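I have placed the structure first, in the form of structure tokens, so that the comments after it can refer back to it.
8 protein chains.
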Amino acid sequence: MDRPFVDLGFARVDTDREARQGAPEAIFAEGKSPEEIAGIAEALLAAGASSVLLTRADAPARAALRTVAPDAQEDERARLAWVARGVPEPAGLVAIVSGGTSDGAVVREAQVRAELLGTEVIVHRDAGVAGIHRLEPALEDLRRADCVVVVAGWDAALASVVGGLVAAPVIGVPTSTGYGATFGGVSALLSMLTSCAAGVAVVNIDDGFGAGTIAARIARAAAGATRAGGGGA
Amino acid sequence: MDRPFVDLGFARVDTDREARQGAPEAIFAEGKSPEEIAGIAEALLAAGASSVLLTRADAPARAALRTVAPDAQEDERARLAWVARGVPEPAGLVAIVSGGTSDGAVVREAQVRAELLGTEVIVHRDAGVAGIHRLEPALEDLRRADCVVVVAGWDAALASVVGGLVAAPVIGVPTSTGYGATFGGVSALLSMLTSCAAGVAVVNIDDGFGAGTIAARIARAAAGATRAGGGGA
Amino acid sequence: MDRPFVDLGFARVDTDREARQGAPEAIFAEGKSPEEIAGIAEALLAAGASSVLLTRADAPARAALRTVAPDAQEDERARLAWVARGVPEPAGLVAIVSGGTSDGAVVREAQVRAELLGTEVIVHRDAGVAGIHRLEPALEDLRRADCVVVVAGWDAALASVVGGLVAAPVIGVPTSTGYGATFGGVSALLSMLTSCAAGVAVVNIDDGFGAGTIAARIARAAAGATRAGGGGA
Amino acid sequence: MDRPFVDLGFARVDTDREARQGAPEAIFAEGKSPEEIAGIAEALLAAGASSVLLTRADAPARAALRTVAPDAQEDERARLAWVARGVPEPAGLVAIVSGGTSDGAVVREAQVRAELLGTEVIVHRDAGVAGIHRLEPALEDLRRADCVVVVAGWDAALASVVGGLVAAPVIGVPTSTGYGATFGGVSALLSMLTSCAAGVAVVNIDDGFGAGTIAARIARAAAGATRAGGGGA
Amino acid sequence: MDRPFVDLGFARVDTDREARQGAPEAIFAEGKSPEEIAGIAEALLAAGASSVLLTRADAPARAALRTVAPDAQEDERARLAWVARGVPEPAGLVAIVSGGTSDGAVVREAQVRAELLGTEVIVHRDAGVAGIHRLEPALEDLRRADCVVVVAGWDAALASVVGGLVAAPVIGVPTSTGYGATFGGVSALLSMLTSCAAGVAVVNIDDGFGAGTIAARIARAAAGATRAGGGGA
Amino acid sequence: MDRPFVDLGFARVDTDREARQGAPEAIFAEGKSPEEIAGIAEALLAAGASSVLLTRADAPARAALRTVAPDAQEDERARLAWVARGVPEPAGLVAIVSGGTSDGAVVREAQVRAELLGTEVIVHRDAGVAGIHRLEPALEDLRRADCVVVVAGWDAALASVVGGLVAAPVIGVPTSTGYGATFGGVSALLSMLTSCAAGVAVVNIDDGFGAGTIAARIARAAAGATRAGGGGA
Amino acid sequence: MDRPFVDLGFARVDTDREARQGAPEAIFAEGKSPEEIAGIAEALLAAGASSVLLTRADAPARAALRTVAPDAQEDERARLAWVARGVPEPAGLVAIVSGGTSDGAVVREAQVRAELLGTEVIVHRDAGVAGIHRLEPALEDLRRADCVVVVAGWDAALASVVGGLVAAPVIGVPTSTGYGATFGGVSALLSMLTSCAAGVAVVNIDDGFGAGTIAARIARAAAGATRAGGGGA
Amino acid sequence: MDRPFVDLGFARVDTDREARQGAPEAIFAEGKSPEEIAGIAEALLAAGASSVLLTRADAPARAALRTVAPDAQEDERARLAWVARGVPEPAGLVAIVSGGTSDGAVVREAQVRAELLGTEVIVHRDAGVAGIHRLEPALEDLRRADCVVVVAGWDAALASVVGGLVAAPVIGVPTSTGYGATFGGVSALLSMLTSCAAGVAVVNIDDGFGAGTIAARIARAAAGATRAGGGGA
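Chains as they are written, first to last, in my numbering: chain A, 3 to 235; chain B, 3 to 235; chain C, 3 to 235; chain D, 3 to 235; chain E, 3 to 235; chain F, 3 to 235; chain G, 3 to 235; chain H, 3 to 235.
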């Protein structure tokens, strides 16, 4: 376990993660002060991170990133900010399909993360099963993708429908879209976990970040890209 | 509230229900002794019930019904027994579609109840969305039905798919089929309640009886059959 | 599945839904920008929707609808806005009965939706069972209705009482009215799902929209109105 | 806190409870060996308990009570056994009303406990609101009772209906009768806790014992009986 | 069920409730407009209510009551307002004991309601079991009371301790005081429902109103006051 | 959607699934009679399935498979039976690591499924973090695998530890191993879903079958194997 | 992480744990075959474990232990078996107090584990707060103990009462004793977690083993015993 | 129970607690007015409390403390304020280790409380298992500590990893850090309760105060400090 990190006192920045796992540490903004965010970002960039991604970031958090990286980009609605300095050559294709327009922020988080890790991403929005013919034009892309990410709230029935049509691995992202018995995404989560289609695996509610991470890994490997982590313990 | 019932001490048999609501009282067997079941059935038949339906009935319960009604029929797997003495002329069409073979007992309960209330019932089993092309041959029946009942466990995605294809009212019956995060039917229940297709209403988990009751009412009315309950308070 | 829709990029507007199911797609405002709302509404109206209904809409959302449809009406308390351009001739009667004054917004959502789909609606407010004699004057209307919608929070006991008195199908709408162990409508939901009266089916918590949709379908069919969806797959 | 008890090693029998609270300690049989049950019962009887009540008792447990008290009575279905040696002169009236025949065991537990504490008990079974006219003949008894106990499973709507009709305190006992979304009595419990009728208080699921205890206290006090516990700390 | 009420359209005011049950209808302010609140209060007062109690009332709601009843009193912290015009002569004693200072608003709601129904109320605050000797000085009052109300959040252990010391009926009111695994009062609720002391019954979380209602009924009956509701159905 | 299936009345066997998705339909034994199981298996084999896997199978269910396929193998403890007739040449490596010996049945289900789909599988049992040095010898295999499956009950902390060490996609399978607050696998499920290591996706509790399916897809693609599903809609 | 373990294929026996943490690995019997249990026990004993404890063990599991260790002792009711070969000299005092007789098995598990780790244990059974004077005689022992373990089901109010009286650390063990809203120990768990007495920490439901482990560590340290684990990583 | 307290009407200040348990009563600010907070603090200080700690305190609450104790210190982010007047000589070592930077407020609450009770505290932040090598530098401190406190949100896997490495008692504090299926700390709570490492006990979600209290007691005893509470009942 003799691997590097940077100790800032309030944080131990895992500067080894990208070498070890092919994906740099990201920064979850909630519960962190702008100063802490800036400090962590600076440490990651100084250590040569290919990208830095800040999630769940309100305006002050996003501004903090810009103070240490003027080249930072952002997406207000998705509460994201990111710096892209050495993104790997894209390899593999991730297709993201969402149930409704209201799932847009989560779609975006998955997309940005997957692109920063070096994958091509194609997005089909609002293809929910209430009008299942809307899925038809997306099918060709879904079938040629190396990994399919399904983003859906409410009952998330789209996961099973897509899971029964494609041969690629499917990653489900339940969203908190909806009200009442959606229980903040629990219904969508349970629905995806118990999908009648085999081959669907699920990440946390609204976790576009996690879905983007695993999808990029799957897609890059399928496209033959070299993986990180070759070293020993 | 001056309407008749028969007081057996352990039960107040609502012999007025059929006149009032067009559907005779049924007997939920769990928690009742064979003697109690026989007594209630006898009172209902003596009062002229068009049918008596015993649900959740183990072998002794079903035998108890036969002691007072030798013409009783039964379905062991669905834990049902029933007597049909004056079933109304069928009116309207109920289509039942199920997600998997394992939902068979609930399908059967819905079917028997709807038929006893005077409706034609057509059943399509195992049309779950994991292989959605299997739904195709059922579509014509689903579209001509006056009410569609969707019976499904696991994630119950079938409810939304069907709910987005037909114009008739859809009644969802979540089933306890599955394991793990199906939580005894809770996932299917939540999924149906939060269906992204409008026009789906839901009954209790495994409640074929309830679904059969409301579906028959809807179908008979759509077919122009006269309804019970014309009288005053 | 060769049916039309309009692809706006952020949304695939299901312009076929009205032809297919007799009810135009509605717009759930939460999570959508005013621009997206306006775009979807415009597409629906351009495609000839008989009505457009916007639910869960705050002031900017409602204003967005007015920019593309100056004839839009609205109800602030129910967070609704709608455009009615070709509402079908009313057929069938839906009776809505609510448990308390505080359920008013949900009642209104159900009423507007059902009326936009072409049904007559009659409303009885605040007839909860804590003073059950207040239900008496509503009974005649409940008994002549083609479908009864019960809107209730707290313990939602009204659903069972009404469900035991009428012969028409009953649709329950649990509301989030209450505090403490009402758990945002869960108690009402469970109560309605386990109603001791057969023939009650339930929609999502606070889902006046869903109740209005299925109730209108049931009522119009019972009144002999022609149904949509005659076409093939 | 200088009050007596008997230490048996495996149990500290609270022989003071009857003097302190007017109700002797009862024995919850689950998790206790027959020897432990016999030992506790013996200690209570030796200390002059007016009665000993054994709840949740299977056959060996009930037999254990008979070994130390040949005058013990029992009710197999309600899993009860009891010894009545000095039951106080009845004072006050408790009326128990139940939703269905299947709630019989819980009704019985409440009845036996209340009678052993010295109250008159009157029982009306199977008066659920699905056929609300069946409640009519019970109303006179409910209105003259000093305390009303409502025992109901499923949605337990009966609690609110009764709670809106009578002026006496109402104690609700939710039961585990039902299946699916009744969740072992949770729906009934939540329904009773959130009753739209003020003045209803609730005990644990299936807890006829607790209901009988508090109901007897209320009724005896209303009838002017002298209460225990006059002493100091 | 031929009993009076006043139909305001948005509300059916149960003006008969006081005659029927000895306690006037109260007004739950949430979800009601100031106009609706004023209208309901006016109808109750016009019908001769002995008091009108408005619960869960923010400033505009409380102001609405004052517009129709300048003699209204209020308690901002407890979000209460009330009019007392013909409160019955106090009979019986209710003792309220609370676990902590933070439970003050709920204590106050119970107190005001019980006093408005005609009972003497004595309050002991902050007697939680973390320092159980603080309960000592309250014991004499608890033992002479006709009904004891225990108001407690967190683990609500006070209910069992008090429930094991007094002979009067105990009504538990779980409160939402606390954080984390208190889950908004659920822990306190479950704790009180499963109290190891027999004779404790429970009302909804934070429901001082309900506790005050049943406690006053119990106490007045124990003191020999005449009860309402003598009339027929 | 013009793809083949075989209609047995009680089941619509999706004989197209292998061509469409590269994995034949499996048979979930619970809720199916031996006759139904035999019928479905026969239809799959007749249609040329490369393998047939029967999960959650008790002895009669496993015997039913043998009646139609004498070459069936089985694992009693894992409740599995399977027929392997045309398993694809292994491609890619799946590493399965489990938290404890008691997770053995789930490990086995994942292993059999992944092998039947044409992957090499290597298993490391009982490497839970309570003695984290036991994970050391497994690390080399975990790092060279194309997909890592973590099977763990209790708090499933192993998922995060492994998820932070490897660069391959990680699939978590929470198990129901444990008691008390493990809640049948819910704790492990939540733990895996909220893993602090990015790149972990999760399947249903005890769902070795689902994990084996997606892991094999990921591993085969990473190894450059040709995927099914090249055809059009 | 270069520490020893024994690899049995189905298990990696952590023979280092006692040196590292002062407590040998125990064997959780559920989900393990008798052969596996015997194998693990043998490996532990061969490596010089001071004791081997088998928990949740049915008769065949306990017999398996005896086959490799004829000197094994057992407690059928607590489902325990154990071998004591080099138990450390007792140091420190653990006092266990339980709420009721039915909690006996959990008390026993905590006691055996703590004694095997080298601590003196004193037990006070059935001191629940429903009769709080029964706690009095135990107070002296509770106050002189180095660690107090409170074992209680139902509402577990005993934890707060004891937690407010003693100065030693208190470990709470919620038990599954009870029915209805005890929810298998959840009520007791939540109650202990939200105890109004500071200084109470909690282990899993029915987890006497965990409580015994931490209590022994606390007590031995307080008594000045030398701790294990002095070595480096 | 003849021990002192100060009755302020709204509060019964347990001025005996420090003598009895070695830790002064703290003040939970939520639900208390600034006046009440000032009053309680004043009473505690007047009675000679070694320290006064105010938790969950917003700005007005913290200001209230300063009005009666100008020497009060505070930490805005941790919502704490405290007065330290006679803190005992530090004895024993508590090591706090946290999973992430966002857990900082809870870490601080535990630290302040433990220091006020007279213990040395050392803190290691952000050592979560997603980069487990970051834990390495903390191990020496964790191993020499008398008690280890693990503060972690998300899946809280750190508790098991640490629990398997050290020989001291481990106290887990689950935090509400995270979103989605973290459910406000429930996932972390369940994970810690079901830790596969024996010897971990858990306090309430975000309860740094409780953890600091028990950790200080454990550490001081291990260091041989004299304990409070020697007196009789």
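For every residue, glycine included, the Cβ atom is placed at its ideal position computed from N, Cα and C. Please read all numbers here as calculations on a predicted model, not as lab measurements.
Query	Result
Integer-rounded CB distance, given that C/Phe7 should sit under 8 Å from C/Asp18	6 Å
Nearest neighbour of H/Thr196, chosen from F/Trp156, F/Val175, F/Ala225 and F/Val164 [CA to CA]	F/Trp156
For F/Asp70, the first and last residue of its enclosing alpha helix (DSSP H)	Correcting the residue identity first, residue 70 of chain F is Val in this sequence and not Asp. Start and end: Ala61 to Val70.
Within chain A, the residues that C/Ile98 reaches when beta carbons sit closer than 7 Å	Chain A residues near C/Ile98: none, gap ~18 Å exceeds 7 Å.
Span of the beta strand (DSSP E) around G/Pro90	From DSSP, G/Pro90 is part of no beta strand (DSSP E); its letter is neither H nor E.
Cutoff 7 Å: H/Val163 Cβ touching any chain F Cβ	yes
A/Gly133 at chain C interface by Cβ criterion, 7 Å	yes
Exposed unless 16 or more other CB atoms sit within 10 angstroms - verdict on H/Pro72	exposed
Min CB distance H/Ala13 to chain E below 7 Å	yes
Touch test, the region 202-219 of chain A against the region 133-144 of chain A, Cβ-Cβ under 8 Å, three pairs minimum	no
Buried versus exposed call for G/Leu46 [16 or more other C-beta atoms within 10 Å across all chains shown]	buried
Beta-carbon proximity list for A/Ala80, same chain, < 7 Å, skipping 5 on both sides	Ala107, Arg110 and Glu111
Own chain, CB closer than 6 Å to A/Ile42, minus 5 neighbours either side, in chain order	Ala13, Val15 and Ile29
A/Ala83 versus F/Ala199 - alpha carbon distance	20 Å
Strand pairing of C/Thr57, partner residues [DSSP]	C/Phe30
DSSP beta-bridge partners of D/Pro176	D/Ala154
Contact list for the region 146-176 of chain B against chain A, Cβ threshold 9 Å	Ala154, Gly155, Trp156, Asp157, Ala158, Ala159, Leu160, Ala161, Ser162, Val163, Gly165, Gly166 and Leu167
Chain H contact residues for F/Thr184, given Cβ-Cβ distances below 7 Å	Thr196
Short CB-CB distance (under 7 Å) between E/Gly201 and chain G	no
Residue-level contact to chain I via CB, B/Asp128, 7 Å cutoff	Of the protein chains in this structure, namely A, B, C, D, E, F, G and H, none is chain I.
Where D/Gly232 sits in the DSSP three-state scheme	At D/Gly232 the pLDDT is 44, less than 50, meaning the model places this residue with poor confidence; the figure from the coordinates comes in the next sentence. DSSP places D/Gly232 in coil when its eight states are reduced to three.
Span of the beta strand (DSSP E), counted from its first residue to its last, around H/Asp77	Gln75 to Asp77
Burial state of B/Ala213, where buried means 16 or more other Cβ atoms lie within 10 Å	buried
Three-state secondary structure assigned by DSSP to F/Leu119	coil
Between the CA atoms of H/Arg58 and H/Asp77 - distance to the nearest angstrom	11 Å
8 Å contact criterion, which A/Ala86 and A/Leu118 should meet: CB distance rounded	6 Å
CB contact flag (F/Gly166, H/Val131, <7 Å)	yes
Interface partners of F/Glu32 on chain B, CB under 7 Å	Ser104
Rounded separation between F/Val89 and F/Ala225 - CA only	17 Å
Any C-beta of chain D under 7 Å from that of C/Ser189	yes
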